[in-house]
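Shown next, in structure tokens, is the structure this report addresses.
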Amino acid sequence: MGQKTLVILFGPTGVGKTDLSINLAQHFNSDIFSCDSRQFYKELGVGVAKPDNEQLQKVKHHFINSVSIHYHYSISQFETDTISKLHEYFKNRNIAFMVGGSGLYIDAITNGVDIMPDHDEKIRQEVIDFYKENGLEAIRFELKRIDPVYYEQVDLKNPQRILRAIEMFRLTGKPFSEFRKNKKIEREFQTVKVGINLDREILYKRINDRVDKMFQEGLLHEARDLYQFKGLVALKTIGYTELFSYIENEQNLDKTVELVKRNSRHYARRQLTWFRRYKDTEWFSPDNYKQIINFIESKINN
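If you read the sequence shown in my numbering, its first letter stands for residue 12, the second for the next number, and so on.
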């Protein structure tokens with residue numbers, strides 16, 4: 012059998028990765044491995060824009076609805092599970108697609124997970140106490156001060172990741188971004204990176220339209236059902252966090268919808284900042300289906 016190839020298809024939220032990836036996977040007769048860090052969770056649905064049942068029936072997907080929100084699914088565990096599955100998969104197949112917008116998870120597969128220093132419980136508690144006393148904005152400001160590189164890349168709505176970076180700085184005196192300068196490791200397959208993007212105005216309209224669609228499909232009802240678990244890491248997610256505040260304070264719903272749209276647009280911008288670090292990427296519009304196929308085939312046959 013020929014060279015094993017993992018095509019990594021990535022782009023900002025709302026750009027159209029799901030439909031495109033299914034069409035490509037069907038063309039190449041391959042499976043899709045998700046690297047969307049929220050689509051792993053069984054209990055999350057509308058708010059994370061998972062492929063629907065009809066889409067899931069068209070192509071076999073891995074790592075969709077694979078774990079519970081009550082289970083801490085780490086990046087290192089994802090790396091282990093994915094590499095193991097790909098090893099078995101490539102015994103009989105030559106090409107697979109990995110699809111998503113979570114840069115850390117893409118890096119875990121292409122480069123491996125960085126070895127981080129052990130936790131220090133005293134420092135960790137100090138950082139947590141600082142957060143509890145001063146709030147999210149204060150830890151964002153602290154992260155920007157000590158590690159402006161990671162500040163531009165991290166999900167600023169996720170306090171756990173911000174706290175981890177501050178903890179590492181206090182423990183080692185080094186910015187968290189320094190630990191993430193991976194040296195690429197050898198895998199048994201080649202990777203082909205395909206970036207998907209649109210003009211900003213078009214992308215932002217698609218994001219806004221998708222948020223409207225989520226609310227039409229019952230996002231508020233889903234958030235009410237999940238409210239009791241709002242403290243879980245899996246629920247520190249755009250769409251849910253804004254609605255949890257709405258549920259608590261009964262704010263104006265229209266304003267909450269606009270807030271979800273704004274935060275989603277900001278998240279897309281951070282994703283693109285992350286992805287532009289990748290030097291070996293070919294970028295396409297999601298409408299350039301034939302060009303993408305030709306590009307992938309050229310890499311496979313090279």
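Heads up, the beta-carbon is just placed ideally off N, CA and C, and yes, glycines get one too.
Bridge partner(s) assigned by DSSP for residue i
i: TYR52; result: VAL78
i: TYR307; result: The residue you asked about is not Tyr; residue 307 is Ile in the sequence shown. Partner(s): none; ILE307 has no beta bridge.
i: ARG20; result: Rather than Arg, the amino acid found at residue 20 in this sequence is Leu. LEU20 pairs with VAL110, VAL205.
i: THR183; result: According to DSSP, which records beta bridges pairwise, THR183 is partnered with nothing at all.
i: PHE4; result: With the chain running from 12 to 313 in the structure shown, residue 4 is simply not present.
i: HIS73; result: PHE44
Identity of the residue in the options nearest residue i by Cα
i: LYS272; options: GLY146, MET225, GLN282; result: MET225
i: GLY114; options: PHE286, PHE306, GLU293, LYS290; result: PHE286
i: LEU209; options: LEU17, PRO297, ASN76, PHE44; result: PRO297
i: LEU55; options: LEU243, SER85, PRO159; result: LEU243
i: ILE86; options: ILE120, THR29, ASN260; result: ILE120
i: VAL18; options: VAL26, LEU35, GLY27, ILE258; result: LEU35
i: ASN299; options: ARG156, VAL26, ARG172, THR183; result: VAL26
i: LYS53; options: ILE218, ASN305, GLY13, TYR84; result: TYR84
i: GLY250; options: LYS15, THR16, GLN37, ARG49; result: ARG49
i: GLU199; options: HIS98, TYR82, ASN313; result: HIS98
i: VAL268; options: TYR289, PHE306, GLN239, ASP220; result: ASP220
i: GLN171; options: VAL138, SER188, PHE89; result: VAL138
i: THR91; options: ASN122, VAL110, ASN312; result: ASN122
i: GLY229; options: ALA60, ASN305, ARG288; result: ALA60
Cβ neighbour criterion (16 or more within 10 Å) applied to residue i
i: ASP118; result: buried
i: ILE196; result: exposed
i: GLN136; result: exposed
i: GLN282; result: buried
i: GLY13; result: exposed
i: THR248; result: buried
i: GLY146; result: exposed
i: ASP47; result: buried
i: GLU132; result: exposed
i: GLN302; result: exposed
i: ILE213; result: exposed
i: THR93; result: buried
i: PHE152; result: exposed
i: LYS71; result: exposed
DSSP three-state assignment for residue i, whether helix, strand or coil
i: GLN14; result: coil
i: ARG98; result: The question names Arg, yet the displayed sequence has His at residue 98. If DSSP states are grouped into helix, strand and coil, HIS98 belongs with the helices.
i: SER45; result: strand
i: HIS232; result: helix
i: PHE152; result: helix
i: HIS277; result: helix
i: HIS130; result: coil
i: ARG288; result: coil
i: HIS38; result: helix
i: ILE139; result: helix
i: TYR84; result: coil
i: ALA176; result: helix
i: ILE196; result: coil
i: LYS28; result: helix
Whether residue i touches residue j by CB criterion (8 Å)
i: LEU246; j: LEU237; result: yes
i: ILE33; j: GLN66; result: yes
i: TYR100; j: ASP63; result: no
i: PHE141; j: PHE44; result: no
i: PHE51; j: VAL78; result: yes
i: LEU167; j: TYR161; result: no
i: TYR278; j: THR24; result: yes
i: ILE157; j: PHE190; result: no
i: GLY22; j: ILE207; result: yes
i: SER256; j: VAL222; result: no
i: LYS204; j: ASP291; result: yes
i: ASN5; j: LYS15; result: Any property of residue 5 remains undetermined from this structure, which presents the chain solely from 12 to 313.
i: VAL165; j: ILE177; result: no
i: PHE270; j: GLU259; result: Before going on, a small fix: residue 270 reads as Leu here, not Phe. Their beta carbons are not under 8 Å apart, which means LEU270 does not touch GLU259 by this criterion.
i: LEU182; j: ILE134; result: yes
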